[in-house]
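Protein chains in written order, with my numbering: chain A, 133 to 247; chain B, 619 to 1178.
Note that the Cβ used here is the ideal one computed from N, Cα and C, for glycine as well.
Okay, structure coming up:
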């Protein structure tokens, strides 16, 4: 089972072409709002963030723990974790984050952070 | 296509089409992918044949749409399982209590109908979360506080109906007791309002709880008699200031004095905040200290201290007590939170110290700073006070079970075993003795970790007048371990009931058993609930089995 999941994740990670939205900035602004509403409580930078602390323990210094600081996320990967959850993170339903909002969230988190 | 139990694929398809005509095709979900997000994320039965999964989900946007969906469900015999925000994690989440039932997802009903900061109440729909209401109040600069549980993404209505609890003053922590009036859609599609909402021109929905005639509101909590579509709640006026005070007791036997002080202080209103107990000597903490532990790891005790704790029986040894006395480490600590004008807080704290000095030999005290006005939020942001103690929602408690704090075994979820016990020190000692013996001697309990039992279980005081001895079970991705957890949980329900300790709330998979131990007079309470079920929902289309209440045609399924 673990092998299957890992293979699926690798396939997702390797996807590079995502259709550019007509108004990328507007979509990213929506994505930022979705992030603040649904993700920031666990995944923002800062103390006592369950997701950030867990990813810090998982990855150490090899990559940033806060999702907004990552430069290796893509919409398909974001979609996978939002819709399926992982460990104590539950999945999120379409009544919570619609497909359109999820696309915007994926666009927002797919970026190279300012250096 | 999965179908509800006893419903043909053709009938189900017809019903789904009719649901879509009411809510729109975008809000009827039946694909495997969509239904995956309705699975109980924390179920110990995940991936096993007994896992409770939905055959479809329907998401109305208004009470009128709920009524229309219920009428269709009644016509076709489709069982519905309402959820509010679906974040009742550890108690069933967004999955139905019975496999195949259709989840009625009320998350889209997210209107904040009114927040009144003069009369201090709100009226909301089920999809409104604590985060939502907090953000609304902050944005509008209203001078009221919410009372939120540890995680802030739950529904005010869902949490209250499941008898959930929070962290501020006594009057608000019991979320069901804090409610004031509700609107309910019955199984026949009719909407009723309780309290003053039943009087068409009344302006007092959020002010007078009882209305006229029998108070029926309780029928719609921990039950399956109707779908609550609006609810009022009393809110706490924002106080001038907050302060935490600690009463520190040096000896094991002092737990008696600590509990007597706690009871008098809370029941007389001297300190209205949530009292919490901890043991600095045993290394067990309050909610805030637990959150710290999730992120920073277990408390680092001196080597000798750690050895003495490990060697203690039921949290005691003469050597450990001696160590605590020598090192000035309290055996017990009572944490109290005061709200109000600073002068009132100072006077209340003085009174508490006088009382505790009489009740506990060699007692010591420590007071935190009085945080006033905007300083309250700043102190919570700095984690000098527990944010939930001033009604600030967050998700920090989910640090439990992550990889943080050096935890080598991240969890996939958790469950809480939460029996109500008497509010006495004797009961605390007895609970520890009974459950410690159970864990040592009952095979099903020897195989699993029981969180919070050792070195000593101190109960919580979320709800006034009683204690809850809450123990945790870590759900993992190991099906065998999870099945062992289920067996262990069932054993604890059985053992607890033998001593008169019943659960105040439990995951859906244990609700039959937990309800069955409330068995006075040949289960007369459950039989009354069943009579009501038959009267208000004769077809049994609302949440069959929830909280152990089954409709007549399915009653044989009930646990003996």
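Check                                                                                                                           : Outcome
Contact check, residue 751 of chain B vs residue 764 of chain B, beta carbons under 9 Å                                         : yes
8 Å Cβ cut-off: residues of chain A touching residue 994 of chain B                                                             : Residues of chain A passing the Cβ test: none, with the nearest at roughly 18 Å.
Contacts that residue 210 of chain A makes with chain E (C-beta to C-beta distance below 8 Å)                                   : Any reference to chain E falls outside this structure, whose protein chains are A and B.
Limits of the beta strand (DSSP E) - the one that residue 957 of chain B falls within                                           : 950-958
CB contact flag (residue 677 of chain B, residue 724 of chain B, <9 Å)                                                          : yes
Alpha-carbon to alpha-carbon, residue 1141 of chain B and residue 1134 of chain B                                               : 7 Å
Rounded separation between residue 148 of chain A and residue 206 of chain A - CA only                                          : Note on residue 148 of chain A: pLDDT 41, under 50, position unreliable in the model; the coordinate value appears next. Looking at the two C-alpha atoms, the distance is approximately 8 Å.
Cutoff 9 Å: residue 811 of chain B Cβ touching any chain A Cβ                                                                   : no
Supposed close pair residue 978 of chain B, residue 810 of chain B - CB separation, criterion 8 Å                               : About 51 Å separates the two Cβ atoms, so there is no contact after all.
Rounded separation between residue 707 of chain B and residue 1005 of chain B - CA only                                         : 21 Å
Neighbourhood of residue 767 of chain B by C-beta, 7 Å cutoff - its chain only, sequence neighbours within 5 removed            : 777, 782, 783 and 784
Other residues of its chain near residue 806 of chain B: CB distance less than 7 Å, five sequence neighbours each side excluded : 692
Proximal chain A residues relative to residue 652 of chain B, where beta-carbon distance stays under 7 Å                        : 226
Contact belief for residue 814 of chain B with residue 829 of chain B at Cβ below 8 Å, rounded distance in angstroms            : 5 Å
Residues sharing a beta bridge with residue 989 of chain B, DSSP                                                                : B/860
Neighbouring residues, chain A, relative to residue 757 of chain B (Cβ below 7 Å)                                               : In chain order: nothing, as chain A lies at least about 13 Å away.
Selection of the stretch 1006-1017 of chain B by Cβ proximity to chain A, strictly under 9 Å                                    : 1011, 1012, 1013, 1014, 1015, 1016 and 1017
According to DSSP, residues forming a beta bridge with residue 811 of chain B                                                   : B/801
Between the CA atoms of residue 720 of chain B and residue 854 of chain B - distance to the nearest angstrom                    : 37 Å
Alpha carbon of residue 968 of chain B to alpha carbon of residue 1112 of chain B, nearest angstrom                             : 44 Å
Local Cβ density within 10 Å of residue 714 of chain B, reported as buried at 16 or more and exposed below that                 : buried
In DSSP terms, what residue 852 of chain B is bridged to                                                                        : B/739
Simplified DSSP state of residue 693 of chain B, which is helix, strand or coil                                                 : helix
Candidates B/1147, B/665, B/1084 and B/951: closest to residue 1122 of chain B by CA position                                   : B/1084
Inter-stretch contact (C-beta, 8 Å, three-pair minimum) for the stretch 1044-1058 of chain B and the stretch 899-915 of chain B : no
Sequence-distant residues of the same chain with beta carbon closer than 6 Å to residue 731 of chain B, five excluded per side  : 741
CA nearest to the CA of residue 850 of chain B, picked from B/860, B/816, B/874 and B/672                                       : B/816
Cα-Cα separation between residue 578 of chain B and residue 890 of chain B, rounded to whole angstroms                          : Residue 578 of chain B cannot be examined here, being either before or after the span of chain B that is shown, 619 to 1178.
Segment contact flag, the stretch 938-954 of chain B with the stretch 854-873 of chain B, C-beta cutoff 8 Å, min 3 pairs        : yes
Length of the line joining the Cα atoms of residue 991 of chain B and residue 1092 of chain B                                   : 39 Å
Interface residues of the stretch 906-919 of chain B facing chain A [CB-CB below 7 Å]                                           : 909 and 913
9 Å Cβ cutoff met for residue 219 of chain A and residue 186 of chain A                                                         : yes
Residue 1027 of chain B classed as buried or exposed, judged by whether at least 16 other C-beta atoms fall within 10 angstroms : exposed
Listed by chain order, chain A residues near residue 707 of chain B by CB distance under 7 Å                                    : 222
Residue-chain proximity (residue 563 of chain B, chain A), Cβ-Cβ < 9 Å                                                          : There is simply no residue 563 of chain B to check, as chain B begins at 619 and stops at 1178 in what is shown.
Any alpha helix (DSSP H) of 4 or more consecutive residues that is wholly inside the stretch 1079-1167 of chain B               : 1097-1116, 1129-1134 and 1138-1154
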